[in-house]
Structure formats: C-alpha cells, structure tokens
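Engineer:
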Amino acid sequence: MAVESGLLDGESAAEGADAYFRAGERVMRESSREDPDLDWYTVLFSVEEMREFARERGGDPSDRELRAERSHTLAPDDPRLCPWPPERNQRCWCASGRKYKKCCGSANAR
C-alpha cells in the first residue's frame, strides 16, 4: 500500500520498508552532524492516515511538503512524535519493536 500511495519510491520501493528506514536514519545522522544544536524528531503515521490527510487537503500523499505539513499538525505530546535519536535502550523510531541500539542505532546500520 505504501508503494501504491507513493510513500515509498525509488530504491525504497524496490528494497522495501527497511531500506526506507535505513535511508532515513542516514539522513538524520548527517543532518544532526551539520546542525547539532537542533532537537530532532521522527513522526510515525500509517499509510492510511497519510492518505486520509492528503484526501482532506486535496493533495497527493507522495508530496513531501504535504507529509511535512502532517508532521506539524501533531500536538507536542502526541506519542507519534519521537525524539531522535532514541536512548540506547528505548524502542527504535522505525516501529520495529526492537531496541534502537539493536536496530537503526546499531553499528551495522551506520
């Protein structure tokens, strides 16, 4: 459903959601090195949730600006708004259920 909605494209669509999360982790690591004084967050939402948001706005769920807009509609205490990077023993931001240090935060993911 994510590929059909345009939420996964290019390499991520070919390789699956894990490739998407690995690429996201790399981007966040690079960005946080460039601007270490900023607080970084990830926002988790389902494909259906994004499709509904796009439908309400008359937009396309694959539009990156629309996805960013969706992120900014969340309240600061919304549980889908996750500080990045998670603490080593916290669950990974990718929603795999694994600890961050054993998932996207592992040395293998770098």
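Quick note: the sequence shown uses full-length UniProt numbering, first residue 1, plus one each step.
Ideal Cβ positions, reconstructed from N, Cα and C, are used throughout, including at glycine.
Since Tyr-20 is in the beta strand (DSSP E), which residue starts that stretch and which ends it?
Structural biologist: That residue, Tyr-20, is in no beta strand (DSSP E); its alpha helix (DSSP H) goes 17-34.
Engineer: Could you check what DSSP says for Leu-38 in three-state terms: helix, strand or coil?
Structural biologist: Three-state DSSP puts Leu-38 in coil, outside helix and strand.
Engineer: Quick check: the Cα distance between Thr-42 and Arg-80, rounded to an integer number of angstroms?
Structural biologist: Rounded to the nearest angstrom, the two C-alpha atoms are 8 Å apart.
Engineer: By alpha-carbon positions, which one of Gly-16, Ala-19, Glu-25 ends up nearest to residue 165?
Structural biologist: With the chain represented from 1 up to 110, any question about residue 165 goes unanswered, as that position is not in the structure.
Engineer: For Met-50 and Arg-67, what's the separation of their Cα atoms in angstroms?
Structural biologist: The alpha-carbon atoms of Met-50 and Arg-67 are separated by roughly 7 Å.
Engineer: Below 8 Å on the Cβ atoms is my guess for Phe-45 versus Arg-70; work out the distance and round it to an integer in Å.
Structural biologist: Indeed they touch by this definition, with Cβ atoms about 7 Å apart.
Engineer: Taking a contact to mean a Cβ-Cβ separation below 8 Å, would you say Met-100 touches Pro-83 in this structure?
Structural biologist: In the sequence as displayed, the identity of residue 100 is Tyr instead of Met. Result no, Cβ atoms of Tyr-100 and Pro-83 do not sit closer than 8 Å.
Engineer: Can you check the stretch 62-104 for any beta strand (DSSP E) of at least 3 residues that lies completely inside it and give the ranges in chain order?
Structural biologist: DSSP runs (the beta strand (DSSP E)) wholly in the stretch 62-104: 81-84.
Engineer: From the DSSP secondary-structure annotation, give me the bridge partner or partners of Val-43.
Structural biologist: Answer is Leu-81, bridged to Val-43.
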